[in-house]
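Engineer: Take a look at the following structure, please.
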Amino acid sequence: MMSDLLFYGLVTTLVLLSLLAVSLPNLLHGAIALIGSFFATAALYIMLQLEFVALSQIMLYIGGIIIFMLIIILLTSGLGQENRYMVKGRRRAAGAGVSALLLIGLLLTISQPSETLQKATLRAAPVTMDDIGFRLMATNKNGFIIPFEIISILLLVALVGAVVIARRDNGQEQES
Amino acid sequence: MDSYIMIGFSVFLGAIFVGGAILTSKLLAFYTPAGQRKVQPYECSEEPIGDARIRFKVAFYIFALLFLLFDIESLLLFPCMKIFRAVVTDQAGGIGTSVLFAELFVFIFILFFGFIYAWRKGVLVWE
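Note that the protein sequences, when read in sequence, are chains S and X.
At position 44 of the first sequence the residue is numbered 44 (this note's numbering), and the sequence of numbers has no breaks.
At position 126 of the second sequence the residue is numbered 126 (this note's numbering), and the sequence of numbers has no breaks.
The following block contains the structure:
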């Protein structure tokens, strides 16, 4: 009962903040609304007892992606208020139609009693951070130590790529 | 679940505390009609020049990129640190202390190499 109430409150907050994020005229305010909606999503993950996903939501999305968005917004001038593009009525109707179709499809899928879905739900136990740690560090058959080390190589490649692409030579930087 | 409720409660309490402080100061403070000088963000008889919102240097972007990568690294180190106690007290089922140390050393060393690369390329130099 208590958790149901919490769930509906969180979902309402999430939907409201997401709507604000796409509809506020000031881009900066929209980004702040997006932070709020990410927090609500993290709270939903915590309700599902998925600590690690909640932690990555807070650290990566709120700590990382949002910083990116703020920098992109601050790189532009005027926060998008002057040249705001109004969506025409026909396009708006088309968007609403596609969203309605998606909603109907989702509702149909969820409402049908599916055996596989039920089995999967029963089998899905909450994964604690310790489980993830043991599996990541284990060197036996069930371990994920090789993928864990490969992640660091992947991150290294991303870092080198970012440095190479984003940074030009000093001479060219002076010109632009 | 109980501890989460406690966290939620403390967040709620914090919000009330901050909101209450702002509201009380709104209610209690003297209100004088604000002139141009009153609403200046920096009220020290210094005339502010230009807009408060300036455009960022693109250099910040690479910094954010590097930050995001090392953010992912620290996120992946969290579960490994969580099992540290179990490993040290030998309850981790096959994962020894030296194994854990070697695995984490390799992981961090590879990324440290990237850090050195970025340093040598002069990304971290502030111009």
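Ideal Cβ positions, reconstructed from N, Cα and C, are used throughout, including at glycine.
Rounded to the nearest angstrom, what separates Val58/X and Leu23/X at their Cα positions?
Structural biologist: Near 39 Å, if we compare the C-alpha coordinates of Leu23/X and Val58/X.
Engineer: Closer than 9 Å, Cβ to any Cβ of chain X: which residues of the region 137-151 of chain S, in chain order?
Structural biologist: Within the region 137-151 of chain S, the residues whose Cβ lies closer than 9 Å to some Cβ of chain X are Met137, Ala138, Thr139, Asn140, Gly143, Ile145, Phe148, Glu149 and Ile151, listed in chain order.
Engineer: Would you mind working out which of Ile83/X, Ile108/X, Phe107/X and Asp2/X sits nearest Gly96/X, comparing C-alpha positions?
Structural biologist: For Gly96/X, the nearest C-alpha among the options comes from Ile83/X.
Engineer: For Ala125/S, would you say it is in contact with chain X, using Cβ-to-Cβ distances shorter than 8 Å as the test?
Structural biologist: No, Ala125/S lies away from the interface with chain X (no Cβ there is under 8 Å from its Cβ).
Engineer: Which chain X residues sit within Cβ distance under 7 Å of Ser56/S?
Structural biologist: Neighbours of Ser56/S on chain X, chain order: Leu75.
Engineer: Alpha helix (DSSP H) containing Ile108/X: first to last residue?
Structural biologist: Thr97 to Arg120 is the span of the alpha helix (DSSP H), which, as asked, contains Ile108/X.
Engineer: List the endpoints of the continuous alpha helix (DSSP H) containing Ala15/X.
Structural biologist: From DSSP, the alpha helix (DSSP H) with Ala15/X extends over Asp2 to Leu28.
Engineer: Taking only beta-carbon atoms, is Asp130/S less than 8 Å away from chain X?
Structural biologist: It does: the Cβ of Asp130/S has a partner Cβ on chain X nearer than 8 Å.
Engineer: Using three-state DSSP, classify Cys44/X as helix, strand or coil.
Structural biologist: It is coil, neither helix nor strand.
Engineer: If we define contact as Cβ-Cβ less than 8 Å, is Arg67/S a contact residue for chain X?
Structural biologist: Residue identity differs from the one stated: residue 67/S is Ile in this sequence, not Arg. Yes - at least one Cβ of chain X is within 8 Å of the one on Ile67/S.
Engineer: Use the C-beta contact count for Leu183/S: other C-beta atoms within 10 angstroms, 16 or more gives buried, fewer gives exposed.
Structural biologist: What the structure shows of chain S is the stretch from 1 to 176, and residue 183/S is not part of that stretch, so it cannot be assessed.
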